[in-house]
Structure formats: C-alpha cells, structure tokens
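K.L.:
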Amino acid sequence: TELSEEIIERLIRAGALDCLREPRRRLLWQLREVAGASKKAQGRPLDLRLPPTEAPDLPPPTELERLGDAYAILSLDARRQVVELFRPALDRLGAVTVSRLDEHLPGKVAVGGLVVTRQHPMTARGTVFLALEDETGMVNVTLWPDAWARLRGVVRRHALLYVEGTLQRESSVVNLVARRIVPLTELARGAGGPGTAEGVRQMGQAGMRRLG
C-alpha cells in the first residue's frame, strides 16, 4: 500500500477498518509491528507483511475513547452526540437540554454543549455569537463585549462548554445571553461526569481545530 503509517492509524481509530472484524487495538498493535519490521520512516509506504508476534488480549476502546477518536479525526461522530455522555452530570448541575428551552420562562438558565460555530462580526461592536449544540438541538449564545473580555480565554480554548446566563425570547427565537462559561469537562469531573478521559480532551481540541 502507498498509505503512510499515520494515515492507516487514523483510519483504524476512525473505524474505517471495522469491516475487518478485528478489534481496533489489535489492528493498531499489528500496524506498529509492521512499521517496526519495515524499518521505514513515518510518512513513507509500509510493507504490510504479517506481524511477527501475536497481539496480546487488549480491552476494546471505551465509548468515550471511541468518541474521542471520532472527534479528533473527523470532528464528528455518526453514532451519537458527545454531550449525551455528560447528561447525568449536567442533570445534577441543574442544566436543561436545548429542546426544553422552548418551554423555559425567560430568566436564568444553564446549558451544556459543543460549540459548532463562533462568530465575531465586525459590525457587532465586540459582541460574539456562539452556536451551542447538545444531543437535542442547538441554541444561540450571545456574549456582550464585557462578557467576551472576561470569558474569551475559555471560549477560545474549549469546545465543550457549560454556560449560565439569561434566556431571552423574541417571538419564536430563543437566545441565551452568557454570564458565566466554564469548560464542561472540568465542571463535569466534579459532578461525576467523564471529565478526565483522554477522549474528551481530544474532542475539545478537535472542536477548536474546526472553529479555527
């Protein structure tokens, strides 16, 4: 094959070779064995001979690790939305799902989600707009200039966010004006959520790469 070791690894981690019906970690082990036997530098064609040693029994990736790989490589996952993993922790924190915001009275509210888009229009005089997505839908989040000045470090570094603010409604349009924003992974860690897994860190990094 003309594929490099790095590309083959990414294909394995993204699930493109699941049709081989071999566990992903076994395939990664075999790839390492082949790469070592080939004695070729990364980025050059590999000699895909059978590996000289049998892979040990390795545990399958957890759902969180699988999601982390999908977001790190593809910036999405076709099977589930990442915020679903944090829902038990978000429930304990008193956050509501995006779908329930339609029923929520204007006022204080908290949501958790993945930043899908971030806009900083020149005509908005310092106001920043986020599209925040959870497993039930998407909501627009507004950061006024003073809030952006306080919170931009968090918003720029993290894609998974917990947002507290004021819900506003104009006709059928719902908007959340942010007052406090915290990395969802850090907050969920204290509430029994999956805040320490490598996969979650990869998701956040993937989101920031996507947003630019």
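When we follow our numbering, the leftmost residue of the sequence shown carries the number 816, and every step to the right adds one.
C-beta: ideal position from N, C-alpha, C; glycine also.
1) Which residues bound the alpha helix (DSSP H) around P960?
2) Can you find the residues in the same chain that come closer than 8 angstroms, C-beta to C-beta, to T981, ignoring five residues on each side of it along the sequence?
3) Assign Q896 to one of three DSSP states: helix, strand, or coil.
4) Would A829 and A885 qualify as a contact pair, given that the criterion is a beta-carbon distance under 8 angstroms?
5) Check whether the segment 873-883 touches the segment 927-936, taking contact to mean three or more Cβ pairs, one atom from each stretch, closer than 8 angstroms.
6) Using a threshold of 8 angstroms, state whether the C-beta atoms of L976 and L999 are closer than that.
7) For L991, which beta-bridge partners are listed by DSSP?
8) Going by the DSSP bridge assignment, what does A946 pair with across the sheet?
9) When you compare only the Cα positions, how much space is there between A974 and V849?
10) Which residue wins for smallest C-alpha separation from T938, given the options V988, V969 and P960?
11) By DSSP, does G830 sit in helix, in strand, or in coil?
12) So, are the CB atoms of A946 and N955 less than 8 angstroms apart?
13) Could you tell me if D872 is buried or exposed, where buried requires 16 or more neighbouring beta carbons within 10 angstroms of its beta carbon?
14) Among L916, V931 and L818, whose alpha-carbon lies nearest the alpha-carbon of V897?
15) In the DSSP output, which residue or residues are listed as bridge partners for Y977?
16) Going by DSSP, what residue range makes up the alpha helix (DSSP H) through L905?
P.N.:
Walking through what the data contain:
1) Per DSSP, P960 is one residue of the alpha helix (DSSP H) stretching across P960 to R972.
2) Excluding positions up to five away in sequence, the list reads P921, G922, K923, V924, L991, V992 and R994.
3) coil
4) yes
5) no
6) yes
7) V956 and L982
8) T932 and N955
9) 36 angstroms
10) If we check each option's Cα against that of T938, P960 comes out closest.
11) Note: G830 maps to coil in three-state DSSP.
12) yes
13) exposed
14) V931
15) G927 and V997, per the DSSP bridge assignment.
16) R902 to R907 is the span of the alpha helix (DSSP H), which, as asked, contains L905.
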